[in-house]
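As structure tokens, the structure follows; a few thoughts come after it.
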Amino acid sequence: MHPSIALLTCAMVAADGVRAAVTSLFIPGFDTQSLSVDVVGVEGDKTTYALQKGVYTNAEDDESGFVGTATLVEGPDYASLTYEYNQDDLSLTIGYDCSLNGEIALCSGVQDGITYTLTETASPFEVAVGTTAAGAAGSGSTPTATKASDVAQVSQTGSSSRTSSAAESTSTGDGAGSLSVSSTTTFGAVAAIVLGLLAL
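Per UniProt numbering, the sequence shown runs over residues 1 to 200.
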């Protein structure tokens, strides 16, 4: 092989190795945004991911969109999301369990003892894949898939409503110490509430 061709081939392989791995995931309640995921574990046909804010590459990207932590469990016909945010006097936990049927996701969750359902379009989007999170491989711990609705709770006074053609909610709740959800609530609306409360 000619030396310059070998050098070019090595450079191309090295550049390909530097490129971040990506995958497409449906993340219930999330709009397309820059996210990074770490694989926490695999059980059967379900994979558990830890979600973080991704790297923003465009000036148009909304860098304030994702705050807190989220765990996604996803399989071919199932997705669940648990979102937690804790700072100062604000504590927020929201969970979804979704059955996937083609492009339709039928999701349900419990908030302050009230069960709600949400139907949305299951639109996967690309996310960067990081390294396997600690505890997933070689550490002796075994991650388990926790149903998001088993841990869903909210503790903050306020209310929110948002309408979207992609999803609809079938129940509401309100009262002191709760976040009232009416009409259609997406993760973006919840994040906007959290960010608005932080600005106070």
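Heads up, the beta-carbon is just placed ideally off N, CA and C, and yes, glycines get one too.
The secondary-structure analysis by DSSP pairs Ile94 across a beta bridge with Tyr83. Cα atoms of Leu118 and Ala50: separation of roughly 23 Å, rounded to the nearest angstrom.
A direct Cα-to-Cα measurement between Phe66 and Lys53 gives close to 6 Å.
By a beta-carbon distance limit of 8 Å, Val40 contacts Thr48. Their separation comes to about 4 Å.
Approximately 28 Å separates the beta-carbon atoms of Val110 and Ser36; this is outside 8 Å, ruling out the contact. If you draw a straight line from the Cα of Asp88 to the Cα of Gly130, it comes to about 29 Å. One alpha carbon belongs to Lys46, the other to Ile27, and they sit about 14 Å apart. In summary, Ala21 is exposed, with fewer than 16 beta-carbon neighbours lying within 10 Å of its beta-carbon over all protein chains present. Boundaries of the beta strand (DSSP E) around Ser24: 21-25.
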